[in-house]
Amino acid sequence: MEAFKILPVLKKKLAFLSGGKDRRSGLILTIPLCTEQTSMEELSATLDYLLSIPSEKCKARGFTVIVDGRKSQWNIVKTVVLMLQNVIPAEVSLVCVVKPDEFWDKKVTHFCFWKEKDRLGFEVSVLEVFCFSGQRVFEKFTKESTSLLDELIVINENEKGSQAEKDRSSESNILPSFDPETVLQTGHELLSELQQRRFNGSEGGGGGGTAWSPMDDELLAQPQVMKLLDSLREQYTKYQEVCRQRSKRSQLEEIQTKVMQVVNWLEGPGTEQLRTQWGIGDSIRASQALQQKHEEIESQHSEWFAVYVELNQQIAALLSAGDEEDLMELKGLQQQLSDACYRQASQLEFRQNILQSAHEFHMTAQDLSQQLDGLLGMLCADVAPADGAAIQQTLKHLEEKLKSVEGALQSLREKGQVLLDQMSTQTSFSYGKDVSIENKENIDHIHSVMEDMQLRKQRCEDMVDVRRLKMLQMVQLFKCEEDASQAVEWLGELLDALLKTHIRLGDDSQETKVLLEKHKKFVDVAQSTYDYGRQLLQATVVLCQSLRCTTRSSGDTLPRLNRVWKQFTVTSDERQHRLEMAIAFHTAAEKILRESPELAELMVDVEAYEEVETVGKGLLDRLTVPVIFPDGSEQFFGSPGDMASSAESIRERMKLVEEKRFLQEEAEQRLDEEALEAGPRES
12 MEAFKILPVL
22 KKKLAFLSGG
32 KDRRSGLILT
42 IPLCTEQTSM
52 EELSATLDYL
62 LSIPSEKCKA
72 RGFTVIVDGR
82 KSQWNIVKTV
92 VLMLQNVIPA
102 EVSLVCVVKP
112 DEFWDKKVTH
122 FCFWKEKDRL
132 GFEVSVLEVF
142 CFSGQRVFEK
152 FTKESTSLLD
162 ELIVINENEK
172 GSQAEKDRSS
182 ESNILPSFDP
192 ETVLQTGHEL
202 LSELQQRRFN
212 GSEGGGGGGT
222 AWSPMDDELL
232 AQPQVMKLLD
242 SLREQYTKYQ
252 EVCRQRSKRS
262 QLEEIQTKVM
272 QVVNWLEGPG
282 TEQLRTQWGI
292 GDSIRASQAL
302 QQKHEEIESQ
312 HSEWFAVYVE
322 LNQQIAALLS
332 AGDEEDLMEL
342 KGLQQQLSDA
352 CYRQASQLEF
362 RQNILQSAHE
372 FHMTAQDLSQ
382 QLDGLLGMLC
392 ADVAPADGAA
402 IQQTLKHLEE
412 KLKSVEGALQ
422 SLREKGQVLL
432 DQMSTQTSFS
442 YGKDVSIENK
452 ENIDHIHSVM
462 EDMQLRKQRC
472 EDMVDVRRLK
482 MLQMVQLFKC
492 EEDASQAVEW
502 LGELLDALLK
512 THIRLGDDSQ
522 ETKVLLEKHK
532 KFVDVAQSTY
542 DYGRQLLQAT
552 VVLCQSLRCT
562 TRSSGDTLPR
572 LNRVWKQFTV
582 TSDERQHRLE
592 MAIAFHTAAE
602 KILRESPELA
612 ELMVDVEAYE
622 EVETVGKGLL
632 DRLTVPVIFP
642 DGSEQFFGSP
652 GDMASSAESI
662 RERMKLVEEK
672 RFLQEEAEQR
682 LDEEALEAGP
692 RES
């Protein structure tokens, strides 16, 4: 093996040949183990290289291997020894293991090298330095335990003295120079090591090998250590009781001090903070500022309440211990602390409730004020509804607003009364201070707000009554205008019916007279409709004067009403004239047609025939003439077919009369001829 190949490993000096020789002239190989973890592969490579350096003659004498385990762990030492068996078993004659310095202060290894010689192939010698290090540990334990024992005896004896002496010596003698637990632990480990060494020695002698015998000093040290340990345990137990009693007294004094700190702060600065906070504010913002200030006060109190909870738990723990001598004092402290904390907590809660009620009162007052402002703005605005439905909707909205205001005012009264009741039942602060004078300003403010809201609501109610009356008048105005427009429509419908359906003139005088009577009743209905429309328009004028407004529909409706009425009057007069002419025509015709043409003595005068002809022609001419309205427009009765039918009926009647006239003329001519013939016979 060449060195440059494992040069980095060789530089670590995991093993080396120092040049020394043992009594057999064998070379000495040293393996210095360090505190860091040793790589077995690198160590094996180093050993292979070092063993390849000596000659075969030197190797034949054997090697003495020194394993320095003072700075390593014992399990690594064992691993290295076992590794030597695999790497260089033939060249090794003796392995010397140097134990760690504190080996005897730790647990004893279960790997016994003197039993493994046959299996390993070489002898392992453990260099035990107990004579030096064990003696040092024993002397250290003896010195510390003796000094500690004297100090514990003094401390325990002083505890039996007067209370004044206890107080004077508590600071100086309460802590010994050495830690009892550490000293006892050292003694137990020393005793265990002594017992283990004695056991290992007897076991080695029984195996047939070289027996190991403990020294006389070791045999004498064991009972001395046991005696010191017994004395230390006894005094340490008493010392622990002394410490417990002193800790309890110290804890009690500390609790009493903290209790007085909590009580003094709560009854002093804490109470003064609450005493200066008595207002309720005059608005939401002011009440919120007071609530924020109160939260800061509560935050400060919370810190002391947390101390109270901790102290209460400590007192409860001490009470559960059941020491009769401190029981009454602890209960008194607990009662004093609880009274102060509960009293202050109740005052904080009471103040918080008042501020919460005040905040709700101010919120309700602000909401009511905004509703009243909205209602007042609605009442002050001009009303210009488009129709009656809009007015009804506005009235409904106004009533809802007023109802909402009434509900808000009732809620304000209730919240104000709750706040007044809370303030009237407010108790005095810790020192019995009367707060009635300070609350008077708050009470006056609450009454003032409620009275102001009541007055504003009353004014709005009065304005609502006026507005309601005005809007009802407007409803009536729109109703009158609507009914007047309806009257115009009805009158127009009557005119239309008169022109389109009132066409027949009757087939005889009796039927025509009936039609004339119906026409007069029809005209009476139209007259009442016209009069109703005129009355509605007059009421509209009166309402407009009352409302101090001009109606946009009355100026248009009245001319329309008058125009339709004039058209109807002209049409009805024309209809009446035609009916009257028809009656005259039918009467004259019926008078002629009623006479029998065979009776000569009942001859009709020629004037009657001429009258029928004249009236008939005039009636036919009138049927062809349209109705001329005042505005110059024209309108015919019915359709041309209807007019033709009526004219045809008149012409037929005139034809009958003409036939009757012809017959009568023939009859007269015949009578004249007969008279002429009778004249010559007489002569």
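Each step along the sequence shown adds one to the number in my numbering, with nothing skipped, and position 666 is 677. Where a beta carbon is used, it is the ideal one built from N, C-alpha and C, also for glycine. Just so we're clear, the structure is a prediction, and the values are computed from it rather than from any experiment.
Looking only at L466, L431, V475, the smallest Cα-Cα distance to D455 is reached by L431.
The beta carbon of A595 lies closer than 6 Å to those of V626 in the same chain, with the five residues before and after it left out. L105: member of the beta strand (DSSP E) spanning 103 to 109, first to last residue. Counting along the chain, the unbroken beta strand (DSSP E) around V78 starts and ends at 74 to 79.
Closest by C-alpha distance to T75, out of V92, V553, L527, N86, is V92. With respect to L285, L348 sits apart: the two C-beta atoms are not nearer than 9 Å. Beta bridge pairing from DSSP links F27 with T41. Residue state for E47 is assigned as coil, using DSSP reduced to three classes. One Cα belongs to E307, the other to E314, and the distance between them is close to 11 Å.
Here the C-alpha atom of S261 lies approximately 53 Å from the C-alpha atom of D293. Taking a C-beta distance under 9 Å as the contact criterion, A56 and V78 do not qualify as a contact pair.
Counted as a single uninterrupted DSSP element, the stretch harbouring A392 is not any alpha helix (DSSP H), since DSSP gives it neither H nor E.
Going by C-alpha positions, I166 is about 20 Å away from T153. Annotation: the continuous alpha helix (DSSP H) that includes T551 extends over 520 to 558. For L413 against M464, the beta-carbon gap comes to about 14 Å, at or over 8 Å, which does not count as contact. Looking at the DSSP output, I639 shares a beta bridge with E645. Residue environment: N275 is assigned as exposed (fewer than 16 neighbouring CB atoms within 10 Å of its CB, all protein chains considered). Counting the other CB atoms within 10 Å of its CB gives S50 a total below 16, which places it among the exposed residues. V460 counts as buried, since at least 16 other C-beta atoms from the protein chains shown sit within 10 angstroms of its C-beta. Inclusion of I457 and I291 in the CB contact set at 9 Å is warranted, their separation being smaller than that value.
Between Q587 and S520, the alpha-carbon positions lie close to 14 Å from each other. Remark: three or more beta-carbon pairs, one from each stretch, lie closer than 8 Å, so the segment 630 to 650 and the segment 576 to 590 are flagged as touching. Assignment of K32 by DSSP, reduced to helix, strand and coil, places it in the strand class.
Residue burial annotation: H312 is buried, with at least 16 other C-beta atoms found within 10 angstroms of its C-beta. Contact annotation: L263 and Q302 have beta-carbon atoms that are not nearer than 9 Å. Counting the other CB atoms within 10 Å of its CB gives C352 a total of 16 or more, which places it among the buried residues. Taking a C-beta distance under 9 Å as the contact criterion, L28 and I39 qualify as a contact pair. A straight-line Cα-Cα distance of about 7 Å links F647 and L510. Cβ contact annotation for D190 (same chain, cutoff 8 Å, sequence separation greater than five): none. Of the candidates L548, N364, R479, the residue whose Cα lies closest to the Cα of V429 is N364. Excluding the 5 residues flanking it on each side, V270 has same chain C-beta neighbours closer than 8 Å at L322, L344, Q347, L348, in chain order.
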